[in-house]
Amino acid sequence: MSVSRFFNNRNTLGLMFMVPAGALLLVFLTYPLGLGTWLGFTDAKIGRSGQWVGLENFIFLFGDSVARLSLFNTLFYTLVASVIKFLLGLWLALLLNKHLPFQAFVRAVVLLPFIVPTALSALAFWWLYDAQFSVLSWALIKMGLIDEYVIFLGDPWLARFSTIAANIWRGVPFVAITLLAGLQTISPSLYEAASLDGATEWQRFWHVTLPMLTPIIAVVMTFSVLFTFTDFQLIYVLTRGGPLNATHLMATLSFQRAILGGALGEGAALATSMVPFLLAAIMFSYFGLQRRAWQQGGSDK
Amino acid sequence: MAEVTLKSVFKSFGSTRVVHGVDVSIADGEFCVLVGPSGCGKSTLLRMIAGLEEIGAGEIAIGGRVVNNIAPKERDIAMVFQNYALYPHMTVHDNMAFSLKLAGEPAEAIRKRVEEAAQILGLMEYLQRYPRQLSGGQRQRVAMGRAIVRKPQVFLFDEPLSNLDAKLRVQMRTEIKALHQRLKTTSIYVTHDQIEAMTMADKIVVMNGGNVEQIGGPLALYDNPANLFVAGFIGSPAMNFLPGRVRRADGAHTVTVGPDVEFPAPPGASIDAGREVIVGVRPEHLRVSDDGVPVEVVVVEPTGADTQIFCKLADNDINAVVRERHEFHPGENIRLKPQLTYIFDPASGARLA
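The listed protein sequences correspond, in order, to chains A and B.
In this text, residue positions in the first sequence follow our numbering: the first is 1, and each later residue adds one.
In this text, residue positions in the second sequence follow our numbering: the first is 1001, and each later residue adds one.
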């Protein structure tokens, strides 16, 4: 009797329904994150459980030129790729929002780079950037623009831009399709009202489209920045961080130090150092764009 | 201020023709209402005047200037949209000031004109609010404010009251009319509601299926409908229509509607005896009287001021509105006497008398 009462209690039932989701989050999210953070404060190596060493790993990394370079690379990679992804994505979304022939087909095709597994598209780019077989170099030579094959992944700055280009190619569809969804929620009568108010096409974009799109831009760009900042696969397949660590991102360097180098504590500390940057990106979009969302009918906070 | 003239204006979307040659001329300062059932082409016509739809064929002139190839913003018109189309990210002030800002007016002049419009519309205390903080009626006023700050030559209204509740609709109707009387700007107003058309218009254009059925003042349309459509559309409750046959007796025409049921034809009518016609009589032109036609009461609906009586006359429904109070019960037989009738041709719908 009391058992069935217990199970019929609303609060008990509610808690029980939450258990599966809660357990999944705990096992696959909280535990790894907690363990990773804890490892960052120890001197654990592969095969040896670590001792608590406080901030020693972080202090060491701060003085390590490769770690500092990876921070610079990550910020540069994220900034350049995100800005270009945003601009290209917005442009593509505006194009796709116009009436095109074969509209549904074109929209589906745009999503392709996003659907292909990263490792696979990274391999394709690896081939494109190959020092001997690059089709890009071949085409440029045939067009008479250059005389010898470009070593895309051999020069530090060229490698940085090459990896950024691959990341952009992969990330643009996500931005474009999401912004397109946002564009389609804007009432056409707003544009009609604006054109009667005397707005040129550019003014309509600036005074209607952009402000109306801001909430969705915030969400999309937050995700885009998070994905780019934590990118691993693309770099790992294309360059493994080379040449001269020029393309090492924090994620790839952390993997190299922790798993390949065996310095679990140090790698974990490097990975943990990414968290404040990611939190900052989330906070920026969360607080910076609240008001815009509110104006457009979001819930009162 | 300007007159607006439409000369044989056509429009089709793909193979669907939506406006079949409309000729209307609207005088300077006139309040013209385009009215008709949904899909009659009235909104399309308005959007062509605004420049939001291309003109298929024909000519539209505003203030004597043909505007077929002139961009919307150059036409010197302002439009109030059905869904208001307020910019949600701008305050009431900025919504109204937007067009003036784009036109590069000095800030002081903008402030003055926005405040002037806000004063007229009672929006002074809402200037710093966002549209989402306003009620439906207030949003409607902001939409009108946005139109009047520009002092355009023509106001266009696209069913501006249909998103409001019934009470507010009546109130805003009066406000729009008062505003027009004050500003005297040529206005073109689209609605599907014939009461709105009757109460607001100087001139009504009744449209149906892309054609203009009749143009005229509210009372002229009510008193002299040109055809069955206008007769049935204008007036509420709608006119009763009964099929019958013309008979000539004692020098006057009557219409036989059923066995021993005769409606008098309008005086002076001359129609061939024996012709099949439709006789129309407005509910308010039927009076309870012992020398009327016999009908059977079906439903009685008192509204206080008057009473609507739904009756059966042979196989036809007939509907009367009477001012005096009667204690009628369903099934009761009463007599109704028509005071005024109209006669229409059943095939073409044209009015014969």
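Note that the Cβ used here is the ideal one computed from N, Cα and C, for glycine as well.
> Using a Cβ-Cβ distance under 9 Å, would Pro1088 (chain B) count as near chain A?
Replying inline: For Pro1088 (chain B), the answer is yes, since a Cβ of chain A falls inside 9 Å of its Cβ.
> In this structure, what does DSSP give as the bridge partners for Ile1354 (chain B)?
Replying inline: This structure gives no information on residue 1354 (chain B), because the portion of chain B shown stretches from 1001 to 1353.
> Roughly how many whole angstroms lie between the Cα atoms of Asn1240 (chain B) and Ile1055 (chain B)?
Replying inline: Approximately 38 Å, taken between the alpha carbons.
> Going along chain B, which residues have a C-beta under 9 Å from Tyr201 (chain A)?
Replying inline: As written in the sequence, residue 201 (chain A) is Glu, which differs from the Tyr given in the question. In chain order: nothing, as chain B lies at least about 11 Å away.
>> Counting only Cβ pairs nearer than 8 Å, list the residues of chain B close to Leu279 (chain A).
In response: By Cβ distance, chain B contributes nothing, its closest Cβ being about 28 Å from Leu279 (chain A), past 8 Å.
> In terms of alpha-carbon separation, which member of A:Glu201, A:Leu180, A:Arg204 lies closest to Leu111 (chain A)?
Replying inline: If we check each option's Cα against that of Leu111 (chain A), A:Leu180 comes out closest.
>> Mapping the DSSP letters down to three states, classify Thr247 (chain A) as helix, strand or coil.
In response: Note: Thr247 (chain A) maps to coil in three-state DSSP.
>> Taking its Cβ as the centre, do 16 or more other Cβ atoms sit within 10 Å of Ala1320 (chain B), making it buried, or is it exposed?
In response: By the 10 Å Cβ count, Ala1320 (chain B) comes out buried.
> Looking only at DSSP bridge pairs, what is Asp1158 (chain B) linked to?
Replying inline: BP columns for Asp1158 (chain B) point to B:Val1190.
> With burial defined as no fewer than 16 other Cβ atoms inside 10 Å of the residue's Cβ, what is the status of Asn245 (chain A): buried or exposed?
Replying inline: The residue in question, Asn245 (chain A), is buried, as its Cβ has 16 or more Cβ neighbours within 10 Å.
>> Does the contact criterion of 3 or more C-beta pairs under 8 Å hold for the region 1046 to 1065 of chain B versus the region 1108 to 1123 of chain B?
In response: A contact between stretches requires three or more CB pairs, one per stretch, nearer than 8 Å, and the region 1046 to 1065 of chain B fails this requirement with the region 1108 to 1123 of chain B.
> Cβ of Met303 (chain A) within 9 Å of Cβ of Leu190 (chain A)?
Replying inline: It is not possible to answer for residue 303 (chain A), since the shown part of chain A is limited to 1 through 301.
> Is there at least one non-hydrogen atom of the ligand SAH closer than 8 Å to the beta-carbon of Ala1097 (chain B)?
Replying inline: Annotation note on the ligand SAH: not contained in the displayed structure, which lists no ligands.
> Among A:His207, A:Ala263, A:Pro113, A:Glu192, which one has its Cα closest to the Cα of Ile177 (chain A)?
Replying inline: With distances taken between CA atoms, Ile177 (chain A) lies nearest to A:Pro113 out of A:His207, A:Ala263, A:Pro113, A:Glu192.
>> Please list, in chain order, the residues of the region 1056 to 1084 of chain B that have any C-beta partner in chain A closer than 9 Å.
In response: Those would be Ala1071, Pro1072, Lys1073, Glu1074, Arg1075, Ile1077, Ala1078, Met1079, Phe1081, Gln1082, Asn1083, Tyr1084, in chain order.
> Would Asp300 (chain A) be called buried (16 or more neighbouring beta carbons within 10 Å of its own) or exposed?
Replying inline: Only weak support exists for where Asp300 (chain A) lies, its pLDDT of 47 falling under 50; the value from the coordinates is given anyway. Result: exposed.
> With burial defined as no fewer than 16 other Cβ atoms inside 10 Å of the residue's Cβ, what is the status of Gly1244 (chain B): buried or exposed?
Replying inline: Buried, because 16 or more other Cβ atoms sit within 10 Å of the Cβ of Gly1244 (chain B).
> Looking at chain B, which residues of the region 198 to 222 of chain A have a Cβ within less than 9 Å of any of its Cβ atoms?
Replying inline: Cβ contacts with chain B: Gly198, Ala199, Thr200, Gln203, His207, Val208, Pro211, Met212, Thr214.
>> Quick check: what's the CA-CA separation for Leu1219 (chain B) versus Ala1078 (chain B)?
In response: Taking the straight line from one Cα to the other gives about 28 Å.
> What is the DSSP secondary structure of Asp1272 (chain B), counted as helix, strand or coil?
Replying inline: In the structure shown, Asp1272 (chain B) falls within a coil segment according to DSSP collapsed to helix, strand and coil.
>> I'd like to know whether the C-beta atoms of Val1246 (chain B) and Val1255 (chain B) end up nearer to each other than 9 Å.
In response: By the CB criterion at 9 Å, Val1246 (chain B) and Val1255 (chain B) fall inside the cutoff.
> In its own chain, which residues sit with a C-beta less than 7 Å from the C-beta of Leu260 (chain A), not counting the 5 before and 5 after it?
Replying inline: Closer than 7 Å at Cβ, skipping near neighbours: no residue.
>> Just to make sure I have the definition right: I need the residues of chain B whose C-beta is within less than 7 Å of the C-beta of Gln184 (chain A). Which are they?
In response: Going along chain B, no residue has its Cβ under 7 Å from Gln184 (chain A), so there is no contact; the nearest lies around 16 Å.
> Which value, in whole angstroms, describes the spacing of the CA atoms of Tyr286 (chain A) and Ile1026 (chain B)?
Replying inline: Taking the straight line joining both Cα atoms gives about 53 Å.
> Using a C-beta cutoff of 9 Å, does Leu289 (chain A) count as contacting chain B?
Replying inline: Answer no: the Cβ-Cβ gap between Leu289 (chain A) and chain B never drops below 9 Å.
> Any C-beta of chain B sitting closer than 9 Å to the C-beta of Ser285 (chain A)?
Replying inline: Output row for Ser285 (chain A): interface = no.
>> Quick check on His1180 (chain B): does DSSP put it in helix, strand or coil?
In response: Correct three-state label for His1180 (chain B): helix.
> Excluding the five sequence neighbours on either side, which residues of its own chain have a C-beta within less than 6 Å of the C-beta of Leu1340 (chain B), listed in chain order?
Replying inline: Excluding positions up to five away in sequence, the list reads His1285.
>> So for Ala139 (chain A), helix, strand or coil by DSSP?
In response: In the structure shown, Ala139 (chain A) sits in a helix (DSSP, three-state: H, G or I).
>> Less than 9 Å between the beta carbons of Ala81 (chain A) and Asn167 (chain A), yes or no?
In response: A contact, by the Cβ cut-off of 9 Å.
>> Would you say Ala193 (chain A) lies against chain B (beta-carbon separation less than 9 Å)?
In response: It does: the Cβ of Ala193 (chain A) has a partner Cβ on chain B nearer than 9 Å.
>> Using beta carbons (cut-off 9 Å, strictly below), is Arg5 (chain A) in contact with chain B?
In response: The Cβ of Arg5 (chain A) sits no closer than 9 Å to any Cβ of chain B.
> What in chain A is Cβ-close to Ala1347 (chain B), meaning under 9 Å?
Replying inline: Taking a Cβ-Cβ threshold of 9 Å, none of the residues of chain A is close to Ala1347 (chain B); the smallest such distance is about 42 Å.
>> Looking at chain B, is there any beta carbon in it that lies within less than 9 Å of the beta carbon of Leu90 (chain A)?
In response: No, Leu90 (chain A) lies away from the interface with chain B (no Cβ there is under 9 Å from its Cβ).
> Of the choices B:Ala1143, B:Tyr1087, B:Leu1352, whose alpha-carbon is the least far from that of Ser1270 (chain B)?
Replying inline: Of the listed residues, the one whose Cα sits closest to Ser1270 (chain B) is B:Leu1352.
> Any C-beta of chain A sitting closer than 9 Å to the C-beta of Ala1107 (chain B)?
Replying inline: It does not; no Cβ of chain A falls within 9 Å.
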